[in-house]
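Here's the structure we're looking at; comments come further down.
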Amino acid sequence: MKYISTDNLTAILYPEGGKKLQIFNCHKSEYGYNSRDLITSFFGVSDEEFTKEYVKNKVDEVYSTFNKQEIDELLNKINKYESK
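For the sequence shown, the numbering used here begins at 26 and goes up steadily by one.
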């Protein structure tokens, strides 16, 4: 399994195919580190189903406002990893 993360999102890539989305709440610590609390972890889906629209819809279920650039950042990291 490969974990690819942004501040509030993590995608788990399974070696046999498929991906799982986890959504966190990131807290900035006064001591200089970021604490992440898991809000939800969705069931895994096929690689074809794991699209920008899928991630956006799942994030919208949890957050009323969310930085959509973070979704792009996560998908760019996944694409970069998979193109190796």
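Idealized CB from N, CA, C, for every residue including glycine.
Of the candidates Glu74, Asp85, Lys83, the residue whose Cα lies closest to the Cα of Leu38 is Glu74. The C-beta of Leu63 has fewer than 16 other C-beta atoms within 10 Å across all chains shown, which makes the residue exposed.
Just so you know, the alpha carbons of Gln47 and Thr65 end up roughly 6 Å apart. In the displayed model, Asn59 falls within a strand according to three-state DSSP. Beta-bridge partners assigned by DSSP to Val70: Lys44. Between Leu100 and Thr31, the C-beta gap is not smaller than 7 Å, which leaves the two residues out of contact. Between Ile96 and Val80, the CB-CB gap stays under 7 Å.
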